[in-house]
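Q: Have a look at this one before I ask anything.
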Amino acid sequence: MRFSLVAVLPFLVSAVVAQRGIGGECRNDADCIRCLNNKTPLICKTDSTSTTGKRCGAVDPPCRPF
Numbered sequence: 001m002r003f004s005l006v007a008v009l010p011f012l013v014s015a016v017v018a019q020r021g022i023g024g025e026c027r028n029d030a031d032c033i034r035c036l037n038n039k040t041p042l043i044c045k046t047d048s049t050s051t052t053g054k055r056c057g058a059v060d061p062p063c064r065p066f
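Here you go:
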C-alpha cells in the first residue's frame, strides 16, 4: 500500500508544532501548553523517565480556560 507524501505531510507538520500537556515530553517551556492572557500553567521540568530528560508539569496558579 502506498501513501502520498502530500496526504501525510499535514499530519507530520501538525505533530511537530503540537504543544504537550501534563506529563508530555518537552525540551523547554515553549513545548508545553500555554494559557490565555500570557500565563503559562505548565513548565518543562526535569524527569528521569523521559527520553528528553524533561516533562511538562503544572505550576500555580492553575490556568482557567475562558
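For the sequence shown, the residue numbers in the numbering used here are 1 to 66. Think of the CB as a built atom: it goes at the ideal place given N, C-alpha and C, for glycine as much as any other residue.
(1) Roughly how many angstroms separate the alpha carbons of Asp31 and Thr51, rounded to a whole number?
(2) Could you check which residue in Asp29, Gln19, Pro41 has the C-alpha nearest to that of Ala58?
(3) For Gly24, count neighbouring Cβ atoms within 10 angstroms of its own Cβ and tell me buried if that reaches 16, exposed if not.
(4) Run the CB neighbour count on Arg27, radius 10 Å, all protein chains shown included, and call it buried at 16 or more, exposed below.
(5) If you draw a straight line from the C-alpha of Arg20 to the C-alpha of Lys45, how long is it?
A: According to the data block:
(1) 15 Å
(2) Closest by alpha carbon: Pro41.
(3) By the neighbour-count criterion, in which a residue is buried when 16 or more other Cβ atoms sit within 10 angstroms of its Cβ, Gly24 is buried.
(4) exposed
(5) 13 Å
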